[in-house]
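Chains as they are written, first to last, in our numbering: chain E, 1 to 96; chain H, 1 to 96; chain A, 1 to 96; chain L, 1 to 96; chain B, 1 to 96; chain G, 1 to 96; chain S, 1 to 96; chain F, 1 to 96; chain V, 1 to 96; chain R, 1 to 96. Just so you know, even glycine gets a beta-carbon here, dropped at the ideal spot from N, CA and C. The block underneath contains the structure these notes are about, expressed in structure tokens.
Number of protein chains: 10
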Amino acid sequence: MLFHVEMTVKIPHDLDVNFVNELKTKEKAMSQDLQRSGKWVDIWRIVGKYSNISIFNVESPAELHDILSNLPLFPFMEIEVKSLCKHYSSIKEGEL
Amino acid sequence: MLFHVEMTVKIPHDLDVNFVNELKTKEKAMSQDLQRSGKWVDIWRIVGKYSNISIFNVESPAELHDILSNLPLFPFMEIEVKSLCKHYSSIKEGEL
Amino acid sequence: MLFHVEMTVKIPHDLDVNFVNELKTKEKAMSQDLQRSGKWVDIWRIVGKYSNISIFNVESPAELHDILSNLPLFPFMEIEVKSLCKHYSSIKEGEL
Amino acid sequence: MLFHVEMTVKIPHDLDVNFVNELKTKEKAMSQDLQRSGKWVDIWRIVGKYSNISIFNVESPAELHDILSNLPLFPFMEIEVKSLCKHYSSIKEGEL
Amino acid sequence: MLFHVEMTVKIPHDLDVNFVNELKTKEKAMSQDLQRSGKWVDIWRIVGKYSNISIFNVESPAELHDILSNLPLFPFMEIEVKSLCKHYSSIKEGEL
Amino acid sequence: MLFHVEMTVKIPHDLDVNFVNELKTKEKAMSQDLQRSGKWVDIWRIVGKYSNISIFNVESPAELHDILSNLPLFPFMEIEVKSLCKHYSSIKEGEL
Amino acid sequence: MLFHVEMTVKIPHDLDVNFVNELKTKEKAMSQDLQRSGKWVDIWRIVGKYSNISIFNVESPAELHDILSNLPLFPFMEIEVKSLCKHYSSIKEGEL
Amino acid sequence: MLFHVEMTVKIPHDLDVNFVNELKTKEKAMSQDLQRSGKWVDIWRIVGKYSNISIFNVESPAELHDILSNLPLFPFMEIEVKSLCKHYSSIKEGEL
Amino acid sequence: MLFHVEMTVKIPHDLDVNFVNELKTKEKAMSQDLQRSGKWVDIWRIVGKYSNISIFNVESPAELHDILSNLPLFPFMEIEVKSLCKHYSSIKEGEL
Amino acid sequence: MLFHVEMTVKIPHDLDVNFVNELKTKEKAMSQDLQRSGKWVDIWRIVGKYSNISIFNVESPAELHDILSNLPLFPFMEIEVKSLCKHYSSIKEGEL
Numbered sequence: 001m002l003f004h005v006e007m008t009v010k011i012p013h014d015l016d017v018n019f020v021n022e023l024k025t026k027e028k029a030m031s032q033d034l035q036r037s038g039k040w041v042d043i044w045r046i047v048g049k050y051s052n053i054s055i056f057n058v059e060s061p062a063e064l065h066d067i068l069s070n071l072p073l074f075p076f077m078e079i080e081v082k083s084l085c086k087h088y089s090s091i092k093e094g095e096l
Numbered sequence: 001m002l003f004h005v006e007m008t009v010k011i012p013h014d015l016d017v018n019f020v021n022e023l024k025t026k027e028k029a030m031s032q033d034l035q036r037s038g039k040w041v042d043i044w045r046i047v048g049k050y051s052n053i054s055i056f057n058v059e060s061p062a063e064l065h066d067i068l069s070n071l072p073l074f075p076f077m078e079i080e081v082k083s084l085c086k087h088y089s090s091i092k093e094g095e096l
Numbered sequence: 001m002l003f004h005v006e007m008t009v010k011i012p013h014d015l016d017v018n019f020v021n022e023l024k025t026k027e028k029a030m031s032q033d034l035q036r037s038g039k040w041v042d043i044w045r046i047v048g049k050y051s052n053i054s055i056f057n058v059e060s061p062a063e064l065h066d067i068l069s070n071l072p073l074f075p076f077m078e079i080e081v082k083s084l085c086k087h088y089s090s091i092k093e094g095e096l
Numbered sequence: 001m002l003f004h005v006e007m008t009v010k011i012p013h014d015l016d017v018n019f020v021n022e023l024k025t026k027e028k029a030m031s032q033d034l035q036r037s038g039k040w041v042d043i044w045r046i047v048g049k050y051s052n053i054s055i056f057n058v059e060s061p062a063e064l065h066d067i068l069s070n071l072p073l074f075p076f077m078e079i080e081v082k083s084l085c086k087h088y089s090s091i092k093e094g095e096l
Numbered sequence: 001m002l003f004h005v006e007m008t009v010k011i012p013h014d015l016d017v018n019f020v021n022e023l024k025t026k027e028k029a030m031s032q033d034l035q036r037s038g039k040w041v042d043i044w045r046i047v048g049k050y051s052n053i054s055i056f057n058v059e060s061p062a063e064l065h066d067i068l069s070n071l072p073l074f075p076f077m078e079i080e081v082k083s084l085c086k087h088y089s090s091i092k093e094g095e096l
Numbered sequence: 001m002l003f004h005v006e007m008t009v010k011i012p013h014d015l016d017v018n019f020v021n022e023l024k025t026k027e028k029a030m031s032q033d034l035q036r037s038g039k040w041v042d043i044w045r046i047v048g049k050y051s052n053i054s055i056f057n058v059e060s061p062a063e064l065h066d067i068l069s070n071l072p073l074f075p076f077m078e079i080e081v082k083s084l085c086k087h088y089s090s091i092k093e094g095e096l
Numbered sequence: 001m002l003f004h005v006e007m008t009v010k011i012p013h014d015l016d017v018n019f020v021n022e023l024k025t026k027e028k029a030m031s032q033d034l035q036r037s038g039k040w041v042d043i044w045r046i047v048g049k050y051s052n053i054s055i056f057n058v059e060s061p062a063e064l065h066d067i068l069s070n071l072p073l074f075p076f077m078e079i080e081v082k083s084l085c086k087h088y089s090s091i092k093e094g095e096l
Numbered sequence: 001m002l003f004h005v006e007m008t009v010k011i012p013h014d015l016d017v018n019f020v021n022e023l024k025t026k027e028k029a030m031s032q033d034l035q036r037s038g039k040w041v042d043i044w045r046i047v048g049k050y051s052n053i054s055i056f057n058v059e060s061p062a063e064l065h066d067i068l069s070n071l072p073l074f075p076f077m078e079i080e081v082k083s084l085c086k087h088y089s090s091i092k093e094g095e096l
Numbered sequence: 001m002l003f004h005v006e007m008t009v010k011i012p013h014d015l016d017v018n019f020v021n022e023l024k025t026k027e028k029a030m031s032q033d034l035q036r037s038g039k040w041v042d043i044w045r046i047v048g049k050y051s052n053i054s055i056f057n058v059e060s061p062a063e064l065h066d067i068l069s070n071l072p073l074f075p076f077m078e079i080e081v082k083s084l085c086k087h088y089s090s091i092k093e094g095e096l
Numbered sequence: 001m002l003f004h005v006e007m008t009v010k011i012p013h014d015l016d017v018n019f020v021n022e023l024k025t026k027e028k029a030m031s032q033d034l035q036r037s038g039k040w041v042d043i044w045r046i047v048g049k050y051s052n053i054s055i056f057n058v059e060s061p062a063e064l065h066d067i068l069s070n071l072p073l074f075p076f077m078e079i080e081v082k083s084l085c086k087h088y089s090s091i092k093e094g095e096l
């Protein structure tokens, strides 16, 4: 099932720079693993913001929460989740 | 270039039902033509709402406005547009 | 899987009273059928409001949207959906 | 009587980690005691958030405030309380 | 138990004036009955607004909802309810 | 004249605990003095929040500001003031 | 005592034009009477809006409500009232 | 002096179509006259919306209000005005 | 020309007290100079808040920004500016 | 293509002053280079705020994000981007 997720990153300015860079490196690696596995279908940057819009394809809401809450930047993100389903005008087959 | 568009439909309850159905039929046909042309890349229903989230791939902001403002339901929709660009964690090539 | 749904009913004051009463009667019947089937787990009135908070247990987001969008009062409701999953402090077994 | 409570946890990033872990351990124990006593009827995680939605069954508003304000994480939570009552479509007997 | 209720009246301008006046007359009578019974403890006008702030002293949330939803102007009011309890600085005895 | 005041306390987590306790002790004493004088007519806790709703009976807006801005916790409170007057349904005599 | 009042006029487009013009003529006359009496100290138009910001000097909140609720356009206005008092930097004498 | 103006048009769906078209024709003519006079410096469409963002260069706030409140669509627009001045990074000479 | 300015002061609790007092002293002196010059026409405290509402009479928006951005407390204030013009009901001559 | 960008600067009060000044100097230089190149078409200060409104003329959304995210003050700014296109009343040729 598909979920629409918007993540906004707010890193406190007084965090240690090396710690932040380490978090970002781990975040990128974990995101790319999930993209290769097909769980994290799309990730785009919103122009002008330290935010992304992502599409996830997971087995359950629980799996989605497990993925999101284990992201290294999770403690510094505001996350909005929307459940998606097939639109009656969509021409895509079998997706949802 | 890609745009993220969220459309919420609010049809006044005192509109003529046949007129509304005609608008919806035209809207669906126009949406499916645009999907087949590759301009309207994705369209999903948000669960529980008369809203959709869509991804458009167009030549310019002007083309996007031309598409949206010509949708039959445009006078009855609230539309939010966000410009997208490639996320530094994305593994997709050549998309944006 | 469980979803948390808040529905707020806003019936235009110039709708025909008999039509509205018919909608409400059908809504109640449909709600009670869904409660008996186990899909609509809980429904509570929010004190002072023409709103309810409900818990649904469905097979997929698509099934939830199918249920909600077929409610007789759907055209006159604002609906907010939240996906739920097991809380790490919960003592309930096997629910989510 | 039943109350709907939404708690959002916002832990300042510069709190001592051991102190935070101690708070969380105590919070979990207190929550589970209250669940076993029947006061804290339900607790769910909202997908993608460090928030829960809970249902409490208490003797009075005063008892609810007493419970909430003594939670170890209370100083770091935003809490919204809604009073619930029986919905006229509900098939449950004797609950509220 | 005490509840804090804020009611804002929004009467559609195209309602029949006599019907509205009848509603207001009934509303006033019902409010004064409830004040005399001790259920509706206080009612104040907010300066500059067609709104009131009221304090109710009822047996249960269900009784409060029963009172509010039977007010003649209920279909034309936005109502916000807050549960109250004793403040640790209060010098009043036995109230809550 | 009567004013409706809602105070929400937000104490920064890195304030010295003894300093905070001293502020709270002074706040309580000052509040109780004002209650005994008849200026601070009512104070209730909002269930689930570190907030109160209060009714003040003062000689002028200036007197109210003087009271509020001298509260020990004033620098750590968000305060909303509403002017009240007699409601046309009120059965109380001579109050406002 | 002084009050800061912001009034926003929202006239339904299907009101009779002559009725609206009559309301506006009465509103202007009443406003000018109150300005001449010294009650309505200032009235300014907010640039680009059908709104005004006004300063009233009245004997009590009750008098202010009496004035505002008797304005001919009152049923079609959203009104926000703020109590004012002397600022410690003000050089004006005896005003508040 | 320069002002930043955002206008959002909301035309009630039950207005007469010919009347609306007449308003739009007059609006366009008046806008173009003001553009040619140098008062209305810029006007852009916001993509996906029935809104514009405009820059005005006028002699005074009063002149701006006079222009805006005389636009044929003024009764059907929500308008937000912001005063602009020279930015300390701007390389433009003599503009503000 | 007249501007309506609302300033809300938010001083971080960990600023040095002497530094803050120095800022306040300078702020008061500068405000009183501007009041005596006729630029800062009115300043009122909003009851219950660390905010003021002020009326400025300046030559241009640029002059207003110059005044506001040089206030000692500017870095710790949230400021909202509204342009004012003559209201058609105003009986004041020659003011705007 | 044109974009409307509003940037609000929020510099934490405990940042080192020299570091902040260095950032501002670099920001100004980078802004002026981009203005001279024709990418950053306009930049205005919003009166009373530490914010600017800017118009950018870029080749793509990606180029705009690249510019904005490399500004020295980017980590301390809230940025809102709106896509613009030609308004049907505009008399400018060939701009969008």
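Problem - Proximal residues to Thr-8(S) (C-beta, below 6 Å), its chain only, five neighbours per side dropped - result: Ser-51 and Glu-78
Exercise for the section: Determine, using beta carbons only, whether Val-17(A) comes closer than 9 Å to chain B. Expected result: no
Practice task
Output yes or no for whether 9 Å exceeds the beta carbon distance between Cys-85(E) and Ala-62(A).
Solution key: yes
Exercise for the section: With distances taken Cα to Cα, identify the nearest neighbour of His-87(G) among Asp-42(B), Arg-36(B) and Val-17(B). Expected result: Asp-42(B)
Exercise for the section: Tell me, to the nearest whole angstrom, how far the beta carbon of Lys-99(E) is from that of Phe-56(E); I am working on the premise that it is less than 8 Å. Expected result: No answer is possible for residue 99(E): the residues shown for chain E start at 1 and end at 96.
Handout entry: Beta-carbon proximity of Lys-26(L) to Pro-72(L), cut-off 9 Å
Key = yes
Practice task
Would you kindly work out how many angstroms separate the C-alpha atoms of Met-1(E) and Val-47(H), rounded to a whole number?
Solution key: 12 Å
Exercise for the section: Using a Cβ-Cβ cut-off of less than 9 Å, list which residues of the stretch 78-96 of chain B approach chain L; keep chain order. Expected result: Val-81, Lys-82, Ser-83, Leu-84, Cys-85, Lys-86 and Leu-96
Exercise for the section: Please confirm if Leu-68(H) has its CB atom under 9 Å from at least one CB of chain F. Expected result: yes
Exercise for the section: Give the residues of chain F in contact with His-4(R), contact being defined as C-beta atoms less than 8 Å apart. Expected result: Trp-44, Ile-46 and Ile-53
Exercise for the section: Determine the direct distance from the alpha carbon of His-65(R) to that of Leu-23(A), and round the result to whole angstroms. Expected result: 50 Å
Problem - For His-65(H), the first and last residue of its enclosing alpha helix (DSSP H) - result: 61-69
Exercise for the section: Could you tell me whether the Cβ of Pro-72(R) comes closer than 9 Å to any Cβ of chain E? Expected result: no
Exercise for the section: Compute the Euclidean distance between the alpha carbons of Asn-18(L) and Ile-11(L), then round it to the nearest angstrom. Expected result: 13 Å
Problem - DSSP three-state assignment for Ser-37(G), whether helix, strand or coil - result: helix
Problem - Neighbour-count burial assignment, Ile-91(H), 16 or more Cβ in a 10 Å radius - result: exposed
Problem - Element boundaries [beta strand (DSSP E), containing Val-47(F)] - result: No beta strand (DSSP E) contains Val-47(F), which DSSP labels as neither H nor E.
Practice task
Consider the Cβ of Asp-14(H): report whether some Cβ of chain F lies at a distance smaller than 9 Å.
Solution key: yes
Exercise for the section: Could you please give the first and the last residue of the uninterrupted beta strand (DSSP E) stretch that includes Phe-3(V)? Expected result: 2-9
Problem - the stretch 17-40 of chain E: positions lying closer than 8 Å to chain H by Cβ - result: Glu-27, Lys-28, Ser-31, Gln-32, Gln-35 and Arg-36
Exercise for the section: Within its chain, find whatever has a CB closer than 6 Å to the CB of Asp-33(E); leave out the 5 residues flanking it on each side and keep chain order. Expected result: none
Handout entry: Status (buried if at least 16 other CB within 10 Å, exposed otherwise) for Glu-93(H)
Key = exposed
Practice task
From the DSSP output, read off the bridge partner residues of Asp-42(B).
Solution key: Ile-55(B)
Handout entry: Sequence-distant residues of its chain with Cβ nearer than 8 Å to Ser-89(L) (five each side left out)
Key = none
Exercise for the section: Name, please, each residue of chain A whose Cβ falls closer than 7 Å to the Cβ of Lys-49(H). Expected result: Ile-79
Practice task
Just the C-alpha distance for Val-5(L) and Ser-60(F), rounded to the nearest angstrom, thanks.
Solution key: 52 Å
Exercise for the section: Have a look at the DSSP bridge pairing and note the partners of Ile-91(H). Expected result: Partner(s): none; Ile-91(H) has no beta bridge.
Problem - 9 Å Cβ cutoff, Pro-61(V) in contact with chain F - result: yes
Problem - Met-84(H) - containing beta strand (DSSP E), residue span - result: Residue identity check: residue 84(H) is Leu in the sequence provided, not Met. Element bounds for Leu-84(H): 77-86.
Exercise for the section: Select from Asn-70(F), Val-58(F), Gln-35(F) and Arg-45(F) the residue whose C-alpha is nearest the C-alpha of Lys-49(S). Expected result: Asn-70(F)
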